[in-house]
Structures are given as C-alpha cells and as structure tokens.
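**Student:** Here's a structure for you.
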Amino acid sequence: MSEVGATAAEPPVDRASRRLGDYLRAHRSIYYYALAAVVVVLVLYPVGVLFTASVFSGQPGRLGHFTLEGYRPWLAAYDLVPIFINSVIYASARLALSLTLALLFAWAVARTNVPFRRTMMLLIPVPFFTPDLLTGISWLMLGNPQNGLINQFARDWFGIQGPVIDLYGWTGLIFHSTLSTTALMFLMLAEFFYSMDSSFEEASVTLGASKYRTIFTITLPMMSPAILATSVLIFASGLDSFENPLLFGNPGGVYVFANEIYRMLHYRHPPQYNGATALSVILILIMFSLVWLQWKKLGERRFTVISGKGYRPTRIALPGWVRWSIFGVFVVYFMLAIVIPLVQILASSFFPIFGIYNLEHLTLDNWRNVFKDQRAMNGLKNTVLFSTAAAAATVVIGGLIGYIRVRTRHWLGRQLELLAWLPWTLPGIVLGLALLWAWALPPAPFNLYGTATVIIIGFIVKGLPLGTATMQAAVHQVSGELEESSRVHGGRWLTTARLILIPLIRRGVLASFVIVFALAARDLTIPLLLYRGGTETITVALLYYFEEGMMSTLSVVAVIQLALVFALLAIERLTRGKEEED
Numbered sequence: 001m002s003e004v005g006a007t008a009a010e011p012p013v014d015r016a017s018r019r020l021g022d023y024l025r026a027h028r029s030i031y032y033y034a035l036a037a038v039v040v041v042l043v044l045y046p047v048g049v050l051f052t053a054s055v056f057s058g059q060p061g062r063l064g065h066f067t068l069e070g071y072r073p074w075l076a077a078y079d080l081v082p083i084f085i086n087s088v089i090y091a092s093a094r095l096a097l098s099l100t101l102a103l104l105f106a107w108a109v110a111r112t113n114v115p116f117r118r119t120m121m122l123l124i125p126v127p128f129f130t131p132d133l134l135t136g137i138s139w140l141m142l143g144n145p146q147n148g149l150i151n152q153f154a155r156d157w158f159g160i161q162g163p164v165i166d167l168y169g170w171t172g173l174i175f176h177s178t179l180s181t182t183a184l185m186f187l188m189l190a191e192f193f194y195s196m197d198s199s200f201e202e203a204s205v206t207l208g209a210s211k212y213r214t215i216f217t218i219t220l221p222m223m224s225p226a227i228l229a230t231s232v233l234i235f236a237s238g239l240d241s242f243e244n245p246l247l248f249g250n251p252g253g254v255y256v257f258a259n260e261i262y263r264m265l266h267y268r269h270p271p272q273y274n275g276a277t278a279l280s281v282i283l284i285l286i287m288f289s290l291v292w293l294q295w296k297k298l299g300e301r302r303f304t305v306i307s308g309k310g311y312r313p314t315r316i317a318l319p320g321w322v323r324w325s326i327f328g329v330f331v332v333y334f335m336l337a338i339v340i341p342l343v344q345i346l347a348s349s350f351f352p353i354f355g356i357y358n359l360e361h362l363t364l365d366n367w368r369n370v371f372k373d374q375r376a377m378n379g380l381k382n383t384v385l386f387s388t389a390a391a392a393a394t395v396v397i398g399g400l401i402g403y404i405r406v407r408t409r410h411w412l413g414r415q416l417e418l419l420a421w422l423p424w425t426l427p428g429i430v431l432g433l434a435l436l437w438a439w440a441l442p443p444a445p446f447n448l449y450g451t452a453t454v455i456i457i458g459f460i461v462k463g464l465p466l467g468t469a470t471m472q473a474a475v476h477q478v479s480g481e482l483e484e485s486s487r488v489h490g491g492r493w494l495t496t497a498r499l500i501l502i503p504l505i506r507r508g509v510l511a512s513f514v515i516v517f518a519l520a521a522r523d524l525t526i527p528l529l530l531y532r533g534g535t536e537t538i539t540v541a542l543l544y545y546f547e548e549g550m551m552s553t554l555s556v557v558a559v560i561q562l563a564l565v566f567a568l569l570a571i572e573r574l575t576r577g578k579e580e581e582d
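Take 1 as the starting number for the sequence shown in the working numbering and just add one per residue.
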C-alpha cells in the first residue's frame with residue numbers, strides 16, 4: 001500500500017523521467033545505435049557526398065546537373081597516366097628507403113646490443129611528431145637552387161657558380177619524405193621485434209647458422225606479416241602525401257595525386273571542382289584496393305611470433321664495428337631529420353634577413369613582431385582551440401567505440417571499429433575536399449561552410465583511427481571483473497565508468513589525447529581547404545609566410561608550433577614515467 005501511495009504521490013514528470021531512465025538502462029543498444037549514427041555522419045556522409053559530387057557539374061553548395069565530364073580526362077588516361085606513374089615512383093622509393101632504415105633501427109634497438117639503444121628508442125620517433133611542413137621549409141632554406149644557404153656558402157667561399165644542391169623535384173621529394181616516414185615505420189615495427197620469441201633464432205644458431213643468416217632466414221620471414229602490413233599502409237600514405245609534393249614537387253614540375261588535386265582547386269580559374277572530385281574518387285578506389293589486398297594477403301598467411309611458453313628476448317652480440325656503424329647511421333639520420341632543420345629554423349628566427357647570420361644583426365624584433373601579427377596569433381589560438389576540441393571529442397568517441405568492441409558482443413562493435421579506421425584510407429586532401437562538399441550542401445543551421453566547426457570535425461575524423469585504437473587498447477587492459485563487481489554492488493554504468501574505468505585507463509586517455517592533438521596541430525590539408533578569414537590555423541599561416549617570402553616571421557611561428565607540440569609530448573611522457581614509478 002505504501003509503494004502504491006508513494007507512486008501515486010510521485011509527480012508525473014519525475015515518474016516519466018524514471019521510467020525513461022529504466023527503459024534506456026534495459027535497452028542499452030539504443031546508445032550504440034546513437035553512437036553509430038554519429039560516426040556515420042562524421043565518416044560515411046562526407047565520402048558519400050564526394051562520390052555523388054563527382055558526377056555533377058556544380059561546386060560546393062550547389063550540385064548542378066549530372067555529368068561524367070569530370071572523369072573524361074582521367075579515364076582517357078592521357079592525364080592520369082603521368083600522375084599515376086609519378087605517384088607510384090614516389091611512394092615506392094619512399095617506402096624502400098624508409099623500410100630499410102626502419103628495419104635496421106627496429107632490429108638493432110630491440111634485438112641487439114647496439115650502444116645507446118634507449119636513446120635511439122626515444123629519439124627515432126621524434127621526426128614523426130615534427131610537422132613535415134616545418135622541416136621541409138627549413139630544408140628548402142638550405143637547399144633551394146636560387147638562394148639556399150648551402151649554395152650561397154659554396155658560391156661565396158669556393159666560387160662555385162650554379163647550385164651544388166637542388167632540392168626541387170625528385171631529389172628533395174624523396175629525401176625529405178624518407179626522413180619522417182622512417183620514424184613512423186620504426187614506431188610500427190619496433191614492438192613486433194620486441195615481442196618476437198627469440199627461441200626460433202636461438203635454435204637456428206644452435207644448428208650452425210650464422211647470426212646474419214638467421215636474420216634473413218628466420219627473423220625477417222617471421223616478421224613478414226608485420227612488414228607487409230606496414231609496407232602497404234606506408235605505400236598507401238605515399239599516394240596521399242601532400243606537404244612534400246607541394247613544397248618539393250610543384251617547383252620541380254613533379255605532380256602526384258595530392259598536389260594535382262590541390263592545383264586544380266587553387267591554381268586554375270575557375271577552380272575545377274568536378275575534375276578534382278573525380279580524381280579524388282579514383283584515388284579513394286586505389287587506396288581501398290591496396291587495403292583489400294593487404295587484408296587478403298595477411299588472411300592467407302599465419303606466423304606465430306609469440307609462443308605459449310614463457311620466454312625472454314635475447315640480444316645478439318654484434319661485433320664492435322657493426323654496433324657503432326649502426327649507431328653512426330642513426331646519428332646521421334637524426335642530424336638530417338631533426339637537428340639541421342631545427343637549428344636552421346631557430347637561427348633564422350633571431351636575424352632580420354634570411355641567410356645573413358652575422359652576430360651584429362642578432363635581434364628579438366622578429367619575435368616582437370610576431371606577437372603583434374594578427375595572422376600568427378589567430379593561427380596559434382585557433383590551433384590550440386581546434387586541436388583541443390578535436391582531441392577531447394575523439395577520446396570520447398574512440399573510448400565508446402573501444403568499450404563496445406571490447407566489453408560487449410553487440411554486432412555494431414566490429415562495424416564501428418571498421419568505420420573508425422575508414423579515414424586512414426582517405427588522403428588528407430581528399431578528406432578535406434569531401435568535408436568541403438558535405439557541409440556546404442545542407443541548409444542552415446546545418447551548413448557549416450567556412451566555420452570553425454567544420455575544421456574541428458575534420459580533425460576528429462582524421463584522428464579517429466589512432467585515437468580509437470589507443471582507447472581500445474587501454475580498455476582491453478582493464479579486467480571486466482572490476483566493472484562487474486561494481487554493478488553487483490548497485491553501481492550504475494556512468495558511476496562505474498567515472499570511479500573505476502576512467503581512472504584505470506587515464507594513461508590511455510592522455511596518450512590518445514596527445515596523439516590526436518599532435519596530428520591536428522601539424523595538419524595542413526584539412527584547414528587549408530576548409531578555412532575562411534579568421535579560422536586559419538598555424539600551419540596555414542606558415543604556408544602563407546613561405547609563399548610570401550617572409551622567412552623570419554615564418555621561423556618564429558615554426559618555433560612556437562614546435563614548442564607547443566613538444567611541450568604536450570613532454571607532459572605525456574613525464575606523466576607516464578611518474579605512473580610507472582608509482
């Protein structure tokens with residue numbers, strides 16, 4: 001009777017709210033479908049609009065009439081073939097050089113007694129977090145054929161007429177892209193070398209094989225699935241590379257997919273949206289084909305590198321000259337990838353005229369002027385705000401996807417994971433064009449064309465693959481028994497997540513946030529296609545200063561950008577180190 005009276009006395013609004021809450025808790029899959037709807041809008045909707053726009057004659061905001069004219073020059077092959085050949089040569093050369101260096105470094109650090117291996121493990125990934133735009137511009141300051149510092153030095157000191165180094169064209173394109181790609185491949189391969197069971201190699205040596213023969217007959221074949229998977233991804237990323245072709249390829253007349261799409265949009269009047277969209281669709285199909293090939297090949301091969309019995313990785317004792325030769329290669333690599341370009345950028349920020357580095361001209365005026373420069377300050381502010389918002393949103397979305405995939409058996413878990421990885425196959429320039437089309441078409445208030453929101457959405461989509469993977473790995477490391485115990489004692493899911501799950505995965509949350517923030521802060525393609533006056537980021541400002549020849553201002557802004565990214569990485573590493581000590 002008392003329960004009936006209490007229920008009768010309960011206000012209708014509270015009773016309806018309670019019933020809704022009970023219904024949602026009993027039908028948790030509603031949340032899964034809501035999350036799926038968000039991911040579909042973020043990822044699939046722009047791709048669908050891009051495919052649709054490729055067969056229409058209009059421009060962003062207006063589809064126009066149906067036509068296949070955009071595909072005509074590409075399908076006729078006379079325009080597509082040279083771009084395709086250049087793209088394949090570029091991606092293949094970059095892959096071959098980077099894979100050689102990455103395998104050498106990963107094997108040496110994880111499996112040998114190479115000196116200073118902890119230092120190598122710490123420093124080799126640094127070029128991955130350093131914007132290609134920044135180091136590329138720095139190398140052009142040094143090696144462009146007109147007024148590069150190396151060519152000026154050769155002329156002034158040795159009387160050499162003409163450039164001794166010309167980084168425009170294929171030379172600079174392959175050289176510079178290899179440096180950052182090596183760091184990424186090292187990050188992807190090192191963990192496989194660390195986790196591989198060394199008993200197979202020990203058995204080979206015991207049976208009389210030399211250490212070096214064992215490498216080629218045991219180690220590398222066992223690593224072949226990881227090498228193949230990484231190689232396909234890196235080759236695919238070479239097809240969508242933008243910054244390096246823009247800086248080194250355009251001046252040298254080398255056009256690949258990405259800078260050809262950009263050229264059609266920004267250097268032709270009127271912009272050829274139809275042709276650029278059609279070429280983007282062709283590039284997407286090529287990327288999808290490569291990923292499908294990777295899945296097919298890996299699905300046919302099975303290699304066990306971690307056995308069920310306990311093991312500890314043993315290190316190969318290399319001769320002294322081999323050990324130090326490998327370390328010497330690392331030193332040269334790190335000097336070329338980080339030290340030389342960053343020293344050049346830093347030095348240029350303290351002198352008023354590029355290339356004239358006399359101590360009497362040392363000044364802080366460049367720094368004072370930058371802090372008064374509206375474009376630079378606006379770009380810095382927008383970069384911090386946009387990257388922070390995108391990183392926070394990606395942590396939430398990626399965490400929910402990872403939780404559903406790991407903790408439930410719902411069929412959406414696998415589909416959400418695949419959707420989260422879809423942007424990995426989308427070139428940055430293509431993703432930017434897709435977002436431009438997608439959010440210029442809807443009516444107000446859903447039309448986000450030229451707003452900060454669409455740039456943040458772009459950063460979220462681009463960071464979703466790595467952000468989701470990091471959060472999923474973090475959730476996987478926490479036993480489900482802890483959450484089950486909380487529920488048994490009456491804890492609701494939000495309470496359990498707030499008090500138990502999130503504190504236990506805070507390292508994964510921080511790592512995911514830092515990764516997405518770093519990717520957003522260094523990205524050029526998304527804001528370059530989506531910004532309007534007032535929404536430019538620091539990378540867009542850098543490109544503007546470079547094109548206008550404002551090298552001193554550019555150098556100061558570049559140093560600020562580096563400090564921003566590296567400060568966040570340092571915070572993440574210090575936090576991780578403190579927790580490991582605890």
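Using N, Cα and C, we set each Cβ at its ideal position, and we do this for glycine too.
Where does Ile124 sit, in a helix, a strand or coil, going by DSSP?
**Tutor:** In the structure shown, Ile124 sits in coil (DSSP, three-state: anything other than H, G, I, E or B).
**Student:** So, helix, strand or coil for Gln59, using DSSP?
**Tutor:** If DSSP states are grouped into helix, strand and coil, Gln59 belongs with the strands.
**Student:** Would you be able to state if there are at least three C-beta pairs under 8 Å between the region 251–264 and the region 275–283?
**Tutor:** Touching, per the Cβ criterion.
**Student:** Report back the beta-carbon spacing between Leu35 and Leu416 to the nearest angstrom; my notes put them in contact at under 8 Å.
**Tutor:** At roughly 7 Å, the Cβ-Cβ gap stays under 8 Å, so Leu35 and Leu416 are in contact.
**Student:** Figure out for me which residue from Phe330, Trp321, Arg94 and Ala347 has the closest Cα to the Cα of Leu359.
**Tutor:** Here the closest residue by C-alpha is Ala347.
**Student:** Hey, could you find the ends of the alpha helix (DSSP H) Lys462 is sitting in?
**Tutor:** Lys462 -> alpha helix (DSSP H) spans Ala452 to His476.
**Student:** Identify every run of the beta strand (DSSP E) within the region 495–581, keeping only runs that are complete inside it and at least 3 residues long; order them along the chain.
**Tutor:** List check, beta strand (DSSP E) in window: nothing returned.
**Student:** Smallest Cα separation from Pro271: which of Gly70, Val43, Ser387 and Val343?
**Tutor:** Considering only alpha carbons, the answer is Gly70.
**Student:** Here's the rule: buried if 16 or more other CB atoms are within 10 angstroms of the residue's CB, otherwise exposed. What is Asp156?
**Tutor:** The residue in question, Asp156, is exposed, as its Cβ has fewer than 16 Cβ neighbours within 10 Å.
**Student:** Near Met264, which residues of its chain fall below 6 Å by C-beta distance, leaving aside the five closest residues on each side in sequence?
**Tutor:** Closer than 6 Å at the Cβ level, and outside the excluded window around Met264, lie Gln272, Gly275 and Ala276.
**Student:** Going straight from the alpha carbon of Met121 to that of Phe129, what length do you get?
**Tutor:** Distance between the alpha carbons of Met121 and Phe129 is about 14 Å.
**Student:** So the alpha helix (DSSP H) Trp139 belongs to, where does it begin and stop?
**Tutor:** Element bounds for Trp139: Asp132 to Gly143.
**Student:** Would you kindly work out how many angstroms separate the C-alpha atoms of Ile429 and Leu524, rounded to a whole number?
**Tutor:** Straight-line Cα distance between these residues: approximately 9 Å.
**Student:** Does DSSP put Ile316 in a helix, in a strand, or in coil?
**Tutor:** Looking at Ile316 - three-state DSSP - the assignment turns out to be strand.
**Student:** Is the Cβ-Cβ distance between Phe235 and Leu290 less than 8 Å?
**Tutor:** A contact, by the Cβ cut-off of 8 Å.
**Student:** What whole-angstrom Cβ distance do Leu167 and Asn144 have, given they're in contact under 8 Å?
**Tutor:** Right, the Cβ-Cβ distance comes to about 6 Å (below 8 Å), so this counts as a contact.
**Student:** If you measure between the beta carbons of Gly398 and Ile404, is that distance less than 8 Å?
**Tutor:** Against a cut-off of 8 Å, the Cβ pair of Ile404 and Gly398 comes out as no contact.
**Student:** Does the beta carbon of Val509 sit closer than 8 Å to a beta carbon anywhere in chain D?
**Tutor:** Note that chain D does not occur in the displayed structure, where there is just one protein chain.
**Student:** Using C-beta distances below 7 Å, list every residue in its chain close to Leu50, excluding the 5 sequence neighbours before and after it, in chain order.
**Tutor:** So the list reads Thr277, Ser280, Val281, Leu433, Ala434 and Trp437, once near-sequence residues are dropped.
**Student:** Along the chain, where does the alpha helix (DSSP H) that runs through Lys381 open and close?
**Tutor:** Taken as a continuous stretch (DSSP letters only), the alpha helix (DSSP H) holding Lys381 covers Gln374 to Arg407.
**Student:** In angstroms, rounded to a whole number, what distance separates the CA positions of Ile286 and Leu418?
**Tutor:** Roughly 18 Å separates the two Cα atoms.
**Student:** So, does the region 175–189 touch the region 91–103, judging by three or more C-beta pairs under 8 Å?
**Tutor:** Verdict: yes, contact present.
**Student:** Which value, in whole angstroms, describes the spacing of the CA atoms of Leu530 and Leu448?
**Tutor:** Between Leu530 and Leu448, the C-alpha separation is close to 10 Å.
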